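Below is one structure; the comments refer to it alone.
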Amino acid sequence: MRKVFKELFVHPFPLAAIVKKSIKKLHVGSYEFRLSIEAVERPHYGYCVYNAALLAKRLGYQRISVLEFGVAGGRGLINLEYHASQISKLFGIDIDIYGFDTGEGLPEPIDYRDLPYHWKKGFYKMDVSSLQARLKKTKLILGDIKDTSKDFFEKHNPAPIGAIAHDLDFYSSTVAALNMMEADERFYLPRVFHYFDDIIGSEIELYNDYTGERLAINEFNRLHNCIKFGPAYHLLAKRVVERWYHKIWISHFFKHSRYNDFVSTENQQSYIR
Numbered sequence: 044m045r046k047v048f049k050e051l052f053v054h055p056f057p058l059a060a061i062v063k064k065s066i067k068k069l070h071v072g073s074y075e076f077r078l079s080i081e082a083v084e085r086p087h088y089g090y091c092v093y094n095a096a097l098l099a100k101r102l103g104y105q106r107i108s109v110l111e112f113g114v115a116g117g118r119g120l121i122n123l124e125y126h127a128s129q130i131s132k133l134f135g136i137d138i139d140i141y142g143f144d145t146g147e148g149l150p151e152p153i154d155y156r157d158l159p160y161h162w163k164k165g166f167y168k169m170d171v172s173s174l175q176a177r178l179k180k181t182k183l184i185l186g187d188i189k190d191t192s193k194d195f196f197e198k199h200n201p202a203p204i205g206a207i208a209h210d211l212d213f214y215s216s217t218v219a220a221l222n223m224m225e226a227d228e229r230f231y232l233p234r235v236f237h238y239f240d241d242i243i244g245s246e247i248e249l250y251n252d253y254t255g256e257r258l259a260i261n262e263f264n265r266l267h268n269c270i271k272f273g274p275a276y277h278l279l280a281k282r283v284v285e286r287w288y289h290k291i292w293i294s295h296f297f298k299h300s301r302y303n304d305f306v307s308t309e310n311q312q313s314y315i316r
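Residue numbers (my numbering): 44 to 316.
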């Protein structure tokens, strides 16, 4: 409760924030309306899946996949299933979900880039059987990401991936996950929406561009000419910038055969400049 009051006190529009919290709690209005004003649990998940489905719809896809790297207790996956079910109804698109995790908690950090001053081996161990019983459609991919990433596409032949939630904590694990984007283009939409959980933090984590997920993103951009990550500038330009806006990144597959397909509106010239 103290945290809620603190957030309202520093919010530039406290009345709007109170109304949004009430709408979220009472489920007022349609899912699409609540998502549009971010009055849902984990709006960042909803945002990524919604926009991936919208892009897929405009490109004529009938099915897409969304991934979560780092499942832990599974609350994120369960929430992802909720968003996917609602968004699937809106667009008439099937949405498959895959959750990647060791099942045994965090491995041993490899060096300073994995932030051992903040993470410890064994954190976030999963109760696999309990989570499996709660999941409705997600496929759990258990094992070290360095191993599971190598045969995922061959084993599962997923529909094109449109959204990915990254919560592997480590630099080393995130590198392995990002390297999966080197797979054949048929496994991805031409632009993919990403959420990176561990790139802001606090005075304890002190995330920077030389460790953790940020380093993994920067190195990927440096090493790949035809696939690049960029911030969601359209979100960062809003009047009120929520914390999670900084965690949304978009990957562009410039050489994708569908990258240049027109997906915008036809009436852009209907007004006088």
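Backbone N, C-alpha and C fix where the C-beta goes; we use that ideal spot for every residue, glycine too. Note that the structure is predicted; figures quoted are calculated from it, not measured.
Three-state secondary structure (DSSP) at residue i?
i    : result
L158 : coil
V235 : strand
S108 : strand
I204 : strand
V171 : helix
G89  : helix
I136 : coil
Exposed or buried, what is residue i when buried is set at 16 or more other beta-carbons lying within 10 Å of its beta-carbon?
i    : result
D212 : buried
P86  : buried
V109 : buried
P57  : exposed
G117 : buried
F297 : exposed
H277 : exposed
F112 : buried
V235 : buried
Whose C-beta lies closer than 7 Å to the C-beta of residue i among residues of the same chain, with five residues either side of it excluded?
i    : result
R301 : L102 and P233
K180 : E124 and I140
Q105 : I136 and D137
H161 : I247 and E248
E151 : K164
G72  : I66
Residues bridged to residue i by DSSP?
i    : result
P274 : W292
K182 : Y141
Between which residues of its own chain and residue i is the CB-CB distance below 6 Å, once the five residues before and five after are set aside?
i    : result
I130 : V92, Y93 and A96
N251 : none
A226 : F196
Residue ranges of each beta strand (DSSP E) within the segment 210-265, 3 or longer: Those beta strand (DSSP E) runs which fall completely within the segment 210-265 and span 3+ residues are 231-239.
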